[in-house]
Amino acid sequence: MVRIGWMVFCAVAFTACDPPEMVSERGDFRLVVDGLSTARDLFTGSYWDPPYPVLAGTRICPELRCQACPEEGACDDAAVHASGPVAVDEDGCFVVESPGEVVWTVDPSCGAPGQQPDRVRMRVVGPDAVEARVTSTLDAMVVRHAMRDNPVVTAFGADWLALLPREFKVVAGEQVAIGVGLFEPGTNLIVARQSEPEAAVTWTTTRGRAPITYPSQQLELVTFAGTESEASFEFAGHRWPLARVTGVPADAATSLELAGAFYFMEDADAPLIGRTSVPFAARAVARDDAGDLVVGLPVTWSAEVGNMAYWPEMASPEQLILSDDCVAPEDRDGPRELVLRARHGDLSASLEFTWAGTREPAPFNFVEPDSSWEPPDTCLAPAGCGCRSGEPGGAALLLGLLLLGRRRRKSHVRTGMLAGTCLLALPAGGCGGAPSVRAAEAIPLGDVPLQRLADLSVEQGGHSVAVGDRTVWAFRTATRVRPYETTTAAAVTADFDARDGLHPFTAFVTADEDDDDALLPYVGREGSYRHDHGGDCTPDEDCPKVSLWPGPMVHDPERQRVLIFYRKVIQLPDNAENQHVGSSIAVWRDDLGGRPIRPEVAEGSAETTLLFGPEGPRISAALVEDEHVFAFACGGRGSACTLLRAPLAHALERDAWRFYADGGWSPSPRRPDELFEGAGAMSVHFSAHAGAYVAVYADREEPAVVLRTASQLEGPWSDAAELVRPRDPQRALMVRDALLHPELARDGGAVDYLTFYEAYPSENGPEGGTLQLVEIHWE
Numbered sequence: 001m002v003r004i005g006w007m008v009f010c011a012v013a014f015t016a017c018d019p020p021e022m023v024s025e026r027g028d029f030r031l032v033v034d035g036l037s038t039a040r041d042l043f044t045g046s047y048w049d050p051p052y053p054v055l056a057g058t059r060i061c062p063e064l065r066c067q068a069c070p071e072e073g074a075c076d077d078a079a080v081h082a083s084g085p086v087a088v089d090e091d092g093c094f095v096v097e098s099p100g101e102v103v104w105t106v107d108p109s110c111g112a113p114g115q116q117p118d119r120v121r122m123r124v125v126g127p128d129a130v131e132a133r134v135t136s137t138l139d140a141m142v143v144r145h146a147m148r149d150n151p152v153v154t155a156f157g158a159d160w161l162a163l164l165p166r167e168f169k170v171v172a173g174e175q176v177a178i179g180v181g182l183f184e185p186g187t188n189l190i191v192a193r194q195s196e197p198e199a200a201v202t203w204t205t206t207r208g209r210a211p212i213t214y215p216s217q218q219l220e221l222v223t224f225a226g227t228e229s230e231a232s233f234e235f236a237g238h239r240w241p242l243a244r245v246t247g248v249p250a251d252a253a254t255s256l257e258l259a260g261a262f263y264f265m266e267d268a269d270a271p272l273i274g275r276t277s278v279p280f281a282a283r284a285v286a287r288d289d290a291g292d293l294v295v296g297l298p299v300t301w302s303a304e305v306g307n308m309a310y311w312p313e314m315a316s317p318e319q320l321i322l323s324d325d326c327v328a329p330e331d332r333d334g335p336r337e338l339v340l341r342a343r344h345g346d347l348s349a350s351l352e353f354t355w356a357g358t359r360e361p362a363p364f365n366f367v368e369p370d371s372s373w374e375p376p377d378t379c380l381a382p383a384g385c386g387c388r389s390g391e392p393g394g395a396a397l398l399l400g401l402l403l404l405g406r407r408r409r410k411s412h413v414r415t416g417m418l419a420g421t422c423l424l425a426l427p428a429g430g431c432g433g434a435p436s437v438r439a440a441e442a443i444p445l446g447d448v449p450l451q452r453l454a455d456l457s458v459e460q461g462g463h464s465v466a467v468g469d470r471t472v473w474a475f476r477t478a479t480r481v482r483p484y485e486t487t488t489a490a491a492v493t494a495d496f497d498a499r500d501g502l503h504p505f506t507a508f509v510t511a512d513e514d515d516d517d518a519l520l521p522y523v524g525r526e527g528s529y530r531h532d533h534g535g536d537c538t539p540d541e542d543c544p545k546v547s548l549w550p551g552p553m554v555h556d557p558e559r560q561r562v563l564i565f566y567r568k569v570i571q572l573p574d575n576a577e578n579q580h581v582g583s584s585i586a587v588w589r590d591d592l593g594g595r596p597i598r599p600e601v602a603e604g605s606a607e608t609t610l611l612f613g614p615e616g617p618r619i620s621a622a623l624v625e626d627e628h629v630f631a632f633a634c635g636g637r638g639s640a641c642t643l644l645r646a647p648l649a650h651a652l653e654r655d656a657w658r659f660y661a662d663g664g665w666s667p668s669p670r671r672p673d674e675l676f677e678g679a680g681a682m683s684v685h686f687s688a689h690a691g692a693y694v695a696v697y698a699d700r701e702e703p704a705v706v707l708r709t710a711s712q713l714e715g716p717w718s719d720a721a722e723l724v725r726p727r728d729p730q731r732a733l734m735v736r737d738a739l740l741h742p743e744l745a746r747d748g749g750a751v752d753y754l755t756f757y758e759a760y761p762s763e764n765g766p767e768g769g770t771l772q773l774v775e776i777h778w779e
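Under full-length UniProt numbering, the sequence shown has 302 at position 302, and the numbering climbs by one with no breaks.
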């Protein structure tokens with residue numbers, strides 16, 4: 001399933017995210033206006049063009065920037081004045097009350113000596129004189145800068161789509177996120193509005209299954225074939241029609257054409273004007289037989305002649321920002337040619353760039369052109385071009401580009417049940433034939449919207465459990481207090497109906513602002529381990545540290561508690577040799593109040609909170625049956641899954657645990673039966689629809705989700721069969737932490753909901769990614 005993020009971001013690659021501003025007619029002063037929503041692009045940050053249209057009712061608190069002060073300090077106390085349909089509120093800010101023209105002036109001390117006072121004219125427009133439009137930021141940026149008197153961009157090929165049509169099609173199953181703005185009809189100028197209160201795109205479904213939508217200021221949805229929906233844009237009590245969107249299958253697209261853009265950059269060696277142009281961007285435009293725009297077509301890009309890389313954080317299948325990083329820096333001058341091709345099935349289109357190359361680094365290069373240069377892994381030329389795998393260098397960080405939590409590119413989901421495919425032959429179960437249940441259909445529902453929660457940047461996990469009328473989800477997330485570390489986190493929702501997505505979630509938070517809202521607390525000096533044992537390292541980055549990894553959870557209603565299995569790990573910088581310290585169970589009140597505790601369960605031990613030591617089981621899945629908690633342990637490299645159990649009432653007692661061995665239950669963990677090869681995160685539940693236990697996990701070798709079934713927990717378990725394999729048209733994927741969530745099942749288990757964490761491989765571990773939600777319909 002592909003996330004189509006049409007460049008809706010605060011772009012900081014070349015400018016800071018500065019607030020919009022008004023520039024006086026002669027340029028003597030500028031009025032910087034924070035708290036306004038206008039438009040942003042890579043070259044100018046926020047932009048707002050004269051005569052600075054603004055929505056009536058907007059509150060403006062201008063900050064004066066004098067450009068023509070006769071002497072230093074003369075303008076420090078200059079006042080700003082406004083005339084027209086405007087009032088001053090109690091805070092000294094201006095409120096534009098009704099349509100008309102507001103003229104802004106400043107005290108003479110902020111003017112050029114001997115000149116008439118300078119001014120800014122601002123047009124106030126009413127809600128009925130404004131229209132809401134869907135706008136692609138990249139397209140709008142290309143069009144805007146290509147039409148300037150001194151253009152920095154030149155466009156060619158197909159038309160760039162600064163404003164999308166009122167009616168368009170979206171490929172079913174693809175997650176689309178496109179910007180929305182207020183515009184003045186006729187001029188197509190951006191109309192500024194206040195950034196608070198937040199605006200919202202709302203939806204009305206007129207035919208078919210309602211699309212997956214969440215509260216957003218963008219046009220953001222996952223739709224279905226045959227669905228028709230109408231979107232509106234709402235702000236401060238006003239509502240504007242926005243677009244009619246129809247879901248279509250990908251094969252509805254019957255034509256494909258490409259648009260390209262060059263960027264003009266300074267080059268001292270260039271002839272005449274000291275400027276040269278370099279390829280900047282490309283986009284694909286797909287249409288159906290009726291000529292209607294089809295958005296979200298997952299095309300694959302390649303370079304047939306020449307070579308270029310693309311910015312992975314800024315790419316959607318339909319759009320690329322290009323970087324000249326695939327050719328060695330010393331070979332970049334002279335005549336250059338690039339032929340791009342975009343394909344989807346039998347559809348194909350190409351676009352030719354020709355230019356005079358330069359050795360000068362372009363603003364888009366993200367690999368340092370020094371002795372360590374290597375082509376990145378996003379080069380578009382086919383295999384055999386000489387491109388080697390590499391990682392983007394520090395230039396990307398220096399350019400300041402961190403877009404949308406790095407979640408621009410997702411993948412299409414397909415199913416391919418490989419019945420009878422044995423992934424590992426084990427002596428005691430596994431490879432026991434095909435699973436007893438098959439998926440008839442897997443429907444992608446987009447991201448689980450956890451990124452909408454402040455300070456919850458999910459990196460791993462996703463185990464869940466029903467607790468009364470709520471479900472609890474546990475994760476590992478990036479921290480907000482200690483850089484470069486992860487912490488444990490939880491989110492809670494009362495939404496048990498995943499047909500329209502899952503929303504809203506509430507993040508677990510603590511009262512202490514300095515403890516990072518960690519779900520599982522450190523005990524004693526665990527949190528200081530990186531300082532005590534780091535040695536010669538940088539504490540925030542390179543030091544080993546204690547990390548707690550939350551796992552499966554079970555509800556124990558009789559004792560009014562939730563049991564959270566977890567691992568304690570000494571985490572090393574490269575994650576290659578992490579040291580497993582042990583595993584245990586944390587306890588949370590089932591009213592979800594307070595904070596989970598890590599009780600002492602091993603008195604006299606060096607690790608008093610751990611039930612099992614470094615050689616003990618690493619719990620991957622857990623479930624409750626017949627007053628017992630059953631746990632599958634599948635940790636360690638290449639180790640098979642074993643089964644253990646304890647009475648639920650005594651789960652915190654090490655001596656209560658028994659291991660399945662030789663067809664019975666033994667207190668000794670030394671020789672448990674190996675049931676099958678699973679994964680470190682896994683779900684196991686009994687499916688009434690299948691009449692069997694179903695285990696689901698991410699395959700260790702392939703980027704796929706697999707399942708096994710068994711008539712009893714002890715096995716024999718079936719072969720592993722592929723359930724879902726996500727597809728990215730451009731890059732290799734990693735799939736982790738694949739889990740079914742039986743508390744969300746519908747129709748007696750005939751429909752289940754799957755999540756998996758989707759990321760991209762890199763030398764430093766998984767990169768980017770999101771938690772994907774898929775609806776599984778069983779045969």
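Glycine residues also receive a C-beta, built at the ideal position from the N, C-alpha and C atoms.
{"Asked": "Outcome for residue 197 when other beta-carbon atoms lying within 10 angstroms are tallied against a minimum of 16", "Found": "exposed"}
{"Asked": "Alpha carbon of residue 388 to alpha carbon of residue 259, nearest angstrom", "Found": "Residue placement at residue 388 cannot be trusted, given a pLDDT of 32 that sits under 50; what the coordinates show is reported in the next sentence. The alpha-carbon atoms of residue 388 and residue 259 are separated by roughly 28 Å."}
{"Asked": "Integer Cβ distance of residue 489 from residue 506, believed to fall under 8 Å", "Found": "With 8 Å as the limit, residue 489 and residue 506 do not qualify as a contact, their Cβ atoms being about 12 Å apart."}
{"Asked": "Validate contact between the segment 180 to 196 and the segment 307 to 322 using beta carbons, cut 8 Å, 3 pairs", "Found": "no"}
{"Asked": "Where residue 147 sits in the DSSP three-state scheme", "Found": "coil"}
{"Asked": "Residue 145 beta carbon less than 9 Å from that of residue 43", "Found": "yes"}
{"Asked": "For residue 117, the three-state DSSP class (helix, strand or coil)", "Found": "coil"}
{"Asked": "One or two residues paired with residue 260 in a DSSP bridge", "Found": "156 and 282"}
{"Asked": "Three-pair Cβ contact test at 8 Å for the segment 165 to 182 versus the segment 281 to 301", "Found": "yes"}
{"Asked": "Residue nearest to residue 321 in terms of C-alpha spacing, selected from 263, 603 and 646", "Found": "263"}
{"Asked": "Check: residue 329 C-beta below 8 Å from any heavy atom of the ligand GTP", "Found": "No copy of the ligand GTP appears in this structure; indeed no ligand is present at all."}
{"Asked": "Separation of residue 50 from residue 30, as counted between CA atoms", "Found": "12 Å"}
{"Asked": "Close-in-space but distant-in-sequence residues of the same chain around residue 572 (CB under 7 Å, 5 per side omitted)", "Found": "544 and 578"}
{"Asked": "Chain-order list of residues whose beta-carbon lies under 6 Å from that of residue 526 (same chain, five-residue window excluded)", "Found": "546"}
{"Asked": "Assigned exposure category for residue 123 - 16 Cβ within 10 Å defines buried", "Found": "buried"}
{"Asked": "Distance, residue 457 Cα to residue 760 Cα", "Found": "16 Å"}
{"Asked": "For residue 741, the three-state DSSP class (helix, strand or coil)", "Found": "coil"}
{"Asked": "Validate contact between the segment 697 to 707 and the segment 734 to 743 using beta carbons, cut 8 Å, 3 pairs", "Found": "yes"}
{"Asked": "Assigned secondary structure, residue 173 (DSSP; H/G/I helix, E/B strand, else coil)", "Found": "coil"}
{"Asked": "Rounded distance between the beta-carbons of residue 283 and residue 139, thought under 8 Å", "Found": "7 Å"}
{"Asked": "Buried versus exposed call for residue 199 [16 or more other C-beta atoms within 10 Å across all chains shown]", "Found": "buried"}
{"Asked": "The segment 598 to 606 touching the segment 676 to 692, judged by at least three CB pairs closer than 8 Å", "Found": "no"}
{"Asked": "Inter-residue spacing [alpha-carbon to alpha-carbon] between residue 424 and residue 432", "Found": "Caution applies to residue 424, whose pLDDT of 38 falls short of 50 and renders its modelled position unreliable; the model cannot decide the point."}
{"Asked": "Rounded C-alpha distance that separates residue 208 from residue 289", "Found": "22 Å"}
{"Asked": "Rounded separation between residue 744 and residue 686 - CA only", "Found": "13 Å"}
{"Asked": "3-residue-minimum beta strand (DSSP E) runs that sit fully inside the segment 542 to 589, ordered along the chain", "Found": "545 to 556, 561 to 571 and 579 to 589"}
{"Asked": "Endpoints, the beta strand (DSSP E) within which residue 460 is located", "Found": "457 to 467"}
{"Asked": "Test item: CB-CB of residue 681 and residue 740 under 9 Å", "Found": "no"}
{"Asked": "Contact the segment 465 to 472 vs the segment 445 to 454: 3+ CB pairs below 8 Å", "Found": "no"}
{"Asked": "Nearest-angstrom Cα separation, counted from residue 240 out to residue 176", "Found": "20 Å"}
{"Asked": "Beta strand (DSSP E) segments (min. 3 residues) lying fully within the segment 685 to 747", "Found": "692 to 698, 705 to 710, 721 to 727 and 734 to 740"}
{"Asked": "Contact check, residue 342 vs residue 311, beta carbons under 9 Å", "Found": "no"}
{"Asked": "Alpha-carbon spacing of residue 182 relative to residue 39, whole angstroms", "Found": "10 Å"}
{"Asked": "Residue 220 and residue 213 closer than 9 Å at C-beta", "Found": "yes"}
{"Asked": "Contact between the segment 593 to 603 and the segment 619 to 636 (3+ Cβ pairs under 8 Å)", "Found": "no"}
{"Asked": "Exposure of residue 463, with buried meaning 16 or more beta-carbon neighbours within 10 Å", "Found": "buried"}
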